[in-house]
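Scroll down for the structure; my scribbles are underneath it.
Numbering (the numbering used here), first residue to last: 1 to 309.
Dropping the structure here:
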């Protein structure tokens with residue numbers, strides 16, 4: 001779930017002037033979680049603008065909920081590779097600690113993780129989960145929580161400049177019997193806790209790599225031309241595009257061997273194309289191997305076997 005350009009920091013917590021539920025999920029039973037979060041944070045956005053929630057709410061803002069977050073871990077620390085079409089569910093775990101007066105087992109208590117691009121006070125993009133996190137009580141004032149960040153690239157959750165570093169945050173809302181969809185909704189009776197600055201792995205544009213070694217078969221001593229292409233997801237077009245001027249290794253595995261060795265390193269063209277030549281010597285398999293960058297994951301091409309006669 002993407003929020004862009006309409007995100008602002010108000011009263012020390014993330015506040016949204018719009019919280020768009022993708023149409024494909026609008027009818028999901030889980031949409032109530034995001035709708036409630038939207039309503040509460042939208043109300044916070046229109047609050048008085050003090051720099052922190054007060055213990056008791058003002059006339060137009062939620063109060064500071066006695067909840068803190070720790071041990072927040074996104075995707076077990078592994079980079080998040082996102083293609084052009086498939087939904088990516090990113091697991092998140094964290095510890096929630098709360099005051100004795102906070103009932104985290106209440107039906108209208110909601111908590112969940114999210115990740116954001118840029119500054120916590122003014123993020124460029126924010127990604128939430130479809131569902132609230134599920135928490136297991138571990139003591140009278142603590143719980144172990146698990147949730148997901150749900151990414152739908154085909155629905156515009158990401159643009160290409162989003163690739164790279166993100167941060168993570170935890171959010172908790174106690175509705176305390178208030179119905180965000182009701183005309184009598186009283187934001188001052190709602191508690192909110194929101195904490196950013198947690199480590200998140202990079203969000204990356206999924207990559208693909210191909211190889212073709214020709215001719216096949218080939219006589220010993222003749223030239224083998226090895227071509228291929230390095231492409232990565234373009235989140236704005238929904239297609240894969242060439243990744244230019246990147247270093248890629250040409251590797252070879254002799255017939256009967258168990259590991260590849262690097263023959264040479266070349267760069268992709270401006271369109272992501274690869275082309276080089278080698279001299280045929282023995283039967284074996286060629287592949288290209290890309291080590292990856294901060295915005296694009298590492299990838300190996302499926303090997304192409306050449307019979308040398």
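C-beta atoms are modelled at their ideal positions from N, C-alpha and C, and glycine is treated no differently.
For chain C, check one thing: does any of its Cβ atoms lie closer than 8 angstroms to the Cβ of residue i?
i: residue 35; result: Absence of chain C from the displayed structure is noted, only one protein chain being present.
Nearest to residue i by CA position, among the options, is which residue?
i: residue 82; options: 121, 204 and 263; result: 204
i: residue 234; options: 64, 174, 158 and 111; result: 158
i: residue 75; options: 194, 166, 245 and 173; result: 166
i: residue 156; options: 236, 162, 185 and 260; result: 236
i: residue 144; options: 284, 254, 210 and 105; result: 105
i: residue 69; options: 141, 79, 118 and 128; result: 141
i: residue 211; options: 114, 103, 276 and 97; result: 276
i: residue 232; options: 285, 32 and 297; result: 297
In the DSSP assignment, find the beta strand (DSSP E) that holds residue i and state where it starts and stops.
i: residue 294; result: Per DSSP, residue 294 belongs to no beta strand (DSSP E) and is neither H nor E.
i: residue 252; result: 247 to 254
i: residue 307; result: Note, residue 307: premise wrong, no beta strand (DSSP E); not H, not E.
i: residue 168; result: 167 to 174
Just how far apart, CA to CA, sit residue i and residue j?
i: residue 263; j: residue 249; result: 7 angstroms
i: residue 240; j: residue 123; result: 27 angstroms
i: residue 214; j: residue 303; result: 13 angstroms
i: residue 306; j: residue 222; result: 12 angstroms
i: residue 170; j: residue 194; result: 6 angstroms
i: residue 99; j: residue 66; result: 5 angstroms
i: residue 132; j: residue 176; result: 16 angstroms
i: residue 26; j: residue 111; result: Confidence in residue 26 is poor, its pLDDT being 41 and thus under 50, which makes the residue's placement unreliable; the coordinate value appears in the next sentence. So the two alpha carbons sit approximately 20 angstroms from each other.
i: residue 192; j: residue 201; result: 26 angstroms
i: residue 280; j: residue 218; result: 7 angstroms
i: residue 308; j: residue 256; result: 14 angstroms
i: residue 168; j: residue 178; result: 28 angstroms
i: residue 130; j: residue 228; result: 38 angstroms
i: residue 128; j: residue 116; result: 9 angstroms
i: residue 272; j: residue 207; result: 11 angstroms
i: residue 125; j: residue 78; result: 20 angstroms
i: residue 244; j: residue 60; result: 52 angstroms
i: residue 292; j: residue 113; result: 27 angstroms
i: residue 267; j: residue 288; result: 11 angstroms
Who are residue i's beta bridge partners in DSSP?
i: residue 240; result: 233
i: residue 207; result: 232
i: residue 287; result: 251
i: residue 98; result: 67
Tell me whether residue i counts as near the ligand SAH, meaning its Cβ is closer than 7 angstroms to at least one heavy atom of that ligand.
i: residue 125; result: Judged by which ligands are present, the structure shown has none, so any question about the ligand SAH falls away.
Checklist entry - Does the count of Cβ pairs from the stretch 82 to 91 and the stretch 136 to 152 closer than 8 angstroms reach three? => result yes
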